[in-house]
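A.B. asks: Numbering (this note's numbering), first residue to last: 302 to 508. Even glycine gets a Cβ: it sits at the ideal position worked out from N, Cα and C. Quantities reported herein were computed from a predicted structural model and do not represent experimental measurements. One structure coming up, written as structure tokens, with questions to follow.
The following block contains the structure:
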């Protein structure tokens with residue numbers, strides 16, 4: 302079972318910011334969605350989208366949506382690759398993950414595989430800014446302090462992402478996410494969104 306944690310209320314300004322961005326961005330992004338969908342569909346067997354169970358606000362599971370960046374059998378092959386993680390700590394990351402398709406590598410390098418999570422934001426399951434939602438098995442392995450990551454809405458981007466993403470180990474990621482969770486200011490969210498632009502362009506830690 303997923304651990305239960307105390308939750309922090311979602312500020313009204315945060316929901317307003319999320320919905321304003323989603324409704325403003327989606328019409329502009331629709332042509333990009335279509336081009337990516339076609340590229341993913343032509344990259345090999347499997348659907349255009351990949352929906353994976355993640356743990357969200359207060360430990361509640363939800364289906365996080367991404368453009369598929371891996372081969373269709375990726376989940377079945379994950380266990381065999383865990384020992385090859387290039388990242389310290391609980392969360393698995395591999396620079397040369399053989400499960401990623403050539404198209405998927407481009408999408409990940411530019412963070413375009415994350416765009417469908419705007420739907421999760423619209424549903425209220427995620428926010429534009431917050432800790433990245435973890436897999437259920439990762440959360441079950443969390444030390445107690447790390448559970449506070451679940452006290453706020455997970456995000457598409459966050460303090461961890463703009464500070465180096467996968468280049469940062471698990472313990473430092475938790476420290477950054479707890480710092481974010483304890484802040485709660487609109488100005489901090491806006492600062493992270495601004496820094497996300499340069500983080501995406503640099504591609505640092507994106508694999």
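(1) Using DSSP with H/G/I as helix, E/B as strand and the rest coil, what is residue 497?
(2) Does DSSP classify residue 313 as helix, strand or coil?
(3) Which residues bound the alpha helix (DSSP H) around residue 437?
(4) Is residue 337 helix, strand or coil when you go by DSSP?
(5) Measuring alpha carbon to alpha carbon, tell me which of 369, 463, 355 ends up nearest residue 363.
(6) State the DSSP-derived secondary structure class of residue 402, mapped to helix, strand or coil.
(7) Report the CB separation of residue 456 from residue 427 in whole angstroms; it is logged as a contact under 8 Å.
(8) Let me confirm a value: residue 488 is counted as buried when at least 16 other C-beta atoms fall within 10 Å, else exposed. Which label applies?
(9) In the DSSP output, which residue or residues are listed as bridge partners for residue 364?
(10) Assuming residue 347 and residue 379 are in contact, meaning their beta carbons sit under 8 Å apart, how far apart are those beta carbons, in whole angstroms?
(11) For the alpha helix (DSSP H) that residue 475 lies in, which residues bound it at each end?
(12) Let me check one thing: in DSSP terms, what residues is residue 371 bridge-paired to?
(13) Out of curiosity, what's the CA-to-CA distance linking residue 350 and residue 480?
(14) For residue 291 versus residue 413, is the C-beta spacing smaller than 7 Å?
(15) May I ask you to report which of helix, strand or coil DSSP gives residue 463?
C.D. replies: Taking the definition as stated:
(1) helix
(2) helix
(3) 437 to 441 is the extent of the alpha helix (DSSP H) around residue 437.
(4) Of the three classes helix, strand and coil, the one that applies to residue 337 here is helix, per DSSP.
(5) Cα-wise, what sits closest to residue 363 is 355.
(6) DSSP, read as helix, strand or coil, puts residue 402 in coil.
(7) 6 Å
(8) exposed
(9) 354
(10) Actually they are not in contact, since the Cβ atoms of residue 347 and residue 379 sit about 15 Å apart, beyond 8 Å.
(11) 471 to 484
(12) 401
(13) 32 Å
(14) The question about residue 291 has no answer here: the residues shown for the chain are numbered 302 through 508.
(15) helix
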